[in-house]
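Going by the numbering used here, the sequence shown opens with residue 504, and the numbers climb by one from there. Beta carbons: idealized from backbone N, C-alpha and C, even for Gly.
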Amino acid sequence: MFRPSRFAVALCAALALSACGKGGGRPQGDLAASKVTTIGVNSYLWRATLDTLSFMPLLQTDSNGGVVVTDWYVNPQLPSERMKVTVSILDQDLRADAVRVAALREVNRGGQWVSAPVEAATTQKLEDIILTRARDLRRGAITG
């Protein structure tokens, strides 16, 4: 009949316990936290979008889905008009077609906010500003 020595039993127990601390029994909370902080879209486009819209109050941001929604913004020089912007980042690559801007515009008529058209040039200009800022951020990261 085989009887293991006390030393062998203690060594096996110590090895088993030390293996638990090295990721074998990793808590689920660690995995969830890493997924929350992982960005699902191009980071340069994401930061450029937040920089570009920093003057507007943000209503919703989703870095995993790549969506930024602002609240209504009233320009102090033009208090009878307000804008709301939604930016969607569509890709993980820094490409010109990876960002899409949609905007809503309202004008104040007799105390009522009424929908008004947004010029296509306005959304195009915002897309261009975001793309230019993203390229600058990327260039700075490569050279700096």
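query                                                                                                                                                            : result
Under a three-way DSSP split, which group does Arg641 fall into?                                                                                                 : helix
With H, G and I counted as helix, E and B as strand and the rest as coil, what does DSSP make of Ile633?                                                         : helix
Ordered along the chain, which non-local residues of its own chain (more than five positions away) have a Cβ less than 6 Å from that of Val588?                  : Thr573, Ala606
Mark Val544 as exposed unless 16 or more other C-beta atoms lie within 10 angstroms of its C-beta, in which case mark it buried.                                 : buried
Within the continuous beta strand (DSSP E) that includes Ser618, where are the two ends?                                                                         : 615-619
Locate the alpha helix (DSSP H) running through Arg550, then write down its first and last residues.                                                             : 546-555
Using a Cβ-Cβ cut-off of 8 Å, state whether Glu630 counts as contacting chain C.                                                                                 : Going by chain labels, chain C is absent from the structure shown, which holds only one protein chain.
In its own chain, which residues sit with a C-beta less than 8 Å from the C-beta of Ser566, not counting the 5 before and 5 after it?                            : Ile542, Gly543, Val544, Trp549
Which ranges does the beta strand (DSSP E) cover as unbroken runs of at least 3 residues, wholly within the segment 557-610, from first to last along the chain? : 561-565, 570-573, 584-592
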